[in-house]
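Sequential numbering from 0 applies to the sequence shown in numbering that gives the first Met the number 0.
Where a beta carbon is used, it is the ideal one built from N, C-alpha and C, also for glycine.
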Amino acid sequence: MTEPDEGRGKEGRTRRCGWCGRPFVPPAGPGRPRLYCKRSCRQRDFEARQRVRAEGLSDGELVVTRRALDELDDLTYVLACAVEDVERDLAGEHDADDVRRSLEWLLEAARPLAERSRAGTVLPR
Ligand SMILES: [Zn+2]
Numbered sequence: 000m001t002e003p004d005e006g007r008g009k010e011g012r013t014r015r016c017g018w019c020g021r022p023f024v025p026p027a028g029p030g031r032p033r034l035y036c037k038r039s040c041r042q043r044d045f046e047a048r049q050r051v052r053a054e055g056l057s058d059g060e061l062v063v064t065r066r067a068l069d070e071l072d073d074l075t076y077v078l079a080c081a082v083e084d085v086e087r088d089l090a091g092e093h094d095a096d097d098v099r100r101s102l103e104w105l106l107e108a109a110r111p112l113a114e115r116s117r118a119g120t121v122l123p124r
């Protein structure tokens with residue numbers, strides 16, 4: 000994933016956040032290189048590693064709450080339904096208004112996941 004607004008000079012310094020995977024440009028200057036795009040990502044990674052140690056899990060395993068997983072399943076289900084609806088709508092006869100309604104429905108279904116992604120992770124806080 001590349002950010003369209005990255006300047007040439009910054010490109011060489013772009014790295015991926017150790018928690019959310021989002022590309023970011025660490026500030027120039029002395030000190031340890033930053034591994035996370037923001038403080039909350041560093042905190043979440045720290046907490047996750049604590050949990051991994053406490054549960055005796057291996058690297059790459061992650062503990063999430065049932066509630067977090069259920070919420071994510073629900074949002075994904077709504078999006079999957081919207082995709083099905085829109086595919087069906089576009090397969091049949093449709094005019095510009097139908098396409099607009101389909102697109103609005105798809106956006107409405109996708110928006111909660113997109114907002115979470117922009118906030119740093121699809122998992123609830
Ligand atoms: Zn991050």
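- With fewer than 16 other Cβ atoms from the protein chains shown falling within 10 Å of its own Cβ, R52 counts as exposed.
- In this structure A108 is buried. Its beta-carbon is surrounded by 16 or more other beta-carbon atoms within 10 angstroms.
- At a Cβ-Cβ threshold of 7 Å, P22 and R12 do not count as neighbours.
- In this structure G119 is buried. Its beta-carbon is surrounded by 16 or more other beta-carbon atoms within 10 angstroms.
- Taking a cut-off of 8 Å for Cβ pairs, the stretch 96-111 and the stretch 62-82 touch, as three or more such pairs fall below it.
- For P25, the secondary structure class from DSSP, reduced to helix, strand or coil, is coil.
- Using a cutoff of 6 Å, the CB of R21 counts as near ligand 1, since one of the ligand's heavy atoms is closer than that.
- W18: not part of any alpha helix (DSSP H); DSSP gives it neither H nor E.
- About 5 Å separates the CB atoms of W18 and R43; that is less than 8 Å, so the two are in contact.
- Rounded to the nearest angstrom, the gap between the Cα atoms of V121 and G91 is 33 Å.
- Boundaries of the alpha helix (DSSP H) around L105: A95 to A118.
- In terms of side-chain proximity, the C-beta atom of C40 is found nearer than 6 Å to a non-hydrogen atom of ligand 1.
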